[in-house]
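Read in our numbering, the sequence shown has 420 at position 192, and its numbers run on one by one without any break. Glycine included, each C-beta is placed from N, C-alpha and C at the ideal position. These figures come from a predicted structure and were not determined experimentally.
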Amino acid sequence: MAVIFPRWTNRIPFYLGAGGPVVLGGLIFAIWYWFSPQYTDVGYQPRQPIPFSHKLHAGNLGLDCRYCHNTVERAAHAAIPPTSTCMGCHEKLVKPNSIPLAPLRAAHAAGKPVKWVKVHMLPDYAYFNHSVHLAAGVGCTSCHGRIDQMPIVTQKQPLSMSWCLECHRNPKPHLRPLDQITNMAWDSKKAGYDPDKDPMRKRKVNPPTYCSGCHR
């Protein structure tokens with residue numbers, strides 16, 4: 229009787245049994261890492277219509293975050309400044325004829341906002357309130373990094389659910405005095421700050437870790 233399959237085919241079940249778990253494990257790892265916000269979102273640095281430098285404005289000039297994002301302490305969203313805020317300096321005092329600032333002048337003249345590209349994005353099903361976090365004592369750097377050192381804003385944190393839950397389960401390392409919220413250089417370890425001993429705090433921070441806290 230003729231042999232239809234060669235002898236080596238008898239080892240196929242062994243190879244499948246031994247190699248299958250390895251391939252499956254590699255596939256799971258690839259999805260876990262390369263499909264995660266840590267890989268897909270961290271480092272995101274879109275080109276903006278105007279080359280606005282946070283390093284210059286917030287770092288070198290020392291502008292407080294709230295000068296431009298003036299709703300951050302009282303609203304869920306940190307407002308993007310209107311063109312009038314920018315033109316307060318750039319209309320006559322600072323580089324009024326700058327070519328890179330031409331889109332700003334055009335938008336201001338037309339009464340329209342500058343079409344900035346959003347960098348830090350959360351899914352629509354996740355609720356985040358800036359004012360609540362600032363009132364609790366969470367500084368800007370916890371989520372956005374050292375913005376005052378960025379010529380171009382870059383996403384530094386994954387903003388994933390697991391990343392948020394890590395902070396919610398142990399918020400103490402991320403808390404600071406309420407008057408240091410926008411101080412980018414402030415370091416809780418160097419300052420020896422303990423939020424539980426801060427007399428300005430009326431109650432202990434207890435962020436939600438249940439689903440409805442962020443998914444409403």
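Which of helix, strand or coil DSSP assigns to residue i
i: Leu362; result: helix
i: Leu284; result: helix
i: Leu393; result: helix
i: Leu321; result: coil
i: Leu387; result: coil
i: Leu403; result: strand
Local Cβ density within 10 Å of residue i, reported as buried at 16 or more and exposed below that
i: Arg275; result: exposed
i: Lys417; result: exposed
i: Gln273; result: exposed
i: Gly247; result: exposed
i: Pro277; result: exposed
i: Ile375; result: buried
Residue span of the alpha helix (DSSP H) that contains residue i, given as start and end
i: Val251; result: Ile240 to Trp262
i: Arg294; result: Cys293 to Cys296
i: Ala307; result: Here Ala307 belongs to no alpha helix (DSSP H), and DSSP marks it neither H nor E.
i: Ala330; result: Ala330 to Ala338
i: His348; result: His348 -> no alpha helix (DSSP H), and no H or E assigned at all.
i: Tyr267; result: Pro265 to Thr268
Reference residue i; option with closest CA among the options
i: Pro379; options: Pro277, Phe257, Pro234 and His282; result: His282
i: His402; options: Cys371, Lys425 and Arg431; result: Cys371
i: Gly287; options: Ala419, Thr410, Pro405 and Val322; result: Thr410
i: Arg444; options: Phe356, Leu289, His318 and Ala337; result: Phe356
i: Gln377; options: Leu252, Pro249 and Leu284; result: Leu284
i: Leu406; options: Pro436, Val433 and Ala363; result: Ala363
i: Asp422; options: Gly271, Lys400, His305 and Arg431; result: Lys400
Nearest-angstrom beta carbon gap, residue j and residue i [assumed within contact, 8 Å]
i: Leu329; j: Leu387; result: Contact flag wrong, Cβ pair sits at about 30 Å.
i: Trp414; j: Arg404; result: 6 Å
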